[in-house]
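One structure is given below, encoded as structure tokens.
Residue numbers (full-length UniProt numbering): 1 to 75.
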């Protein structure tokens, strides 16, 4: 498994994906990586709470946790 940031830094290009619940794919010299959401209910709740705090003006900062992705090399 690899992160999107590493794959893009290595020159991989995005390609559409429509199978296996993949969000998108990344194509490079090594092959095609399929990328999937790897989110958790805890992170979803934290993002929602932070966004609501920003919208209501109660947020200490505007930083919101990223939605995690995992990319797997296809064979």
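Where is the CB? At the ideal position from N, CA and C, for every residue including glycine.
Test item: CB-CB of residue i and residue j under 8 Å
i, j, result
"residue 10", "residue 28", "yes"
"residue 73", "residue 5", "no"
"residue 79", "residue 20", "The question about residue 79 has no answer here: the residues shown for the chain are numbered 1 through 75."
Spatial distance of residue i from residue j (CA atoms)
i, j, result
"residue 2", "residue 14", "14 Å"
"residue 57", "residue 63", "13 Å"
"residue 66", "residue 39", "9 Å"
"residue 55", "residue 75", "44 Å"
Buried or exposed (CB count within 10 angstroms, at least 16 for buried), residue i
i, result
"residue 22", "buried"
"residue 7", "buried"
"residue 26", "buried"
Where residue i sits in the DSSP three-state scheme
i, result
"residue 51", "helix"
"residue 46", "helix"
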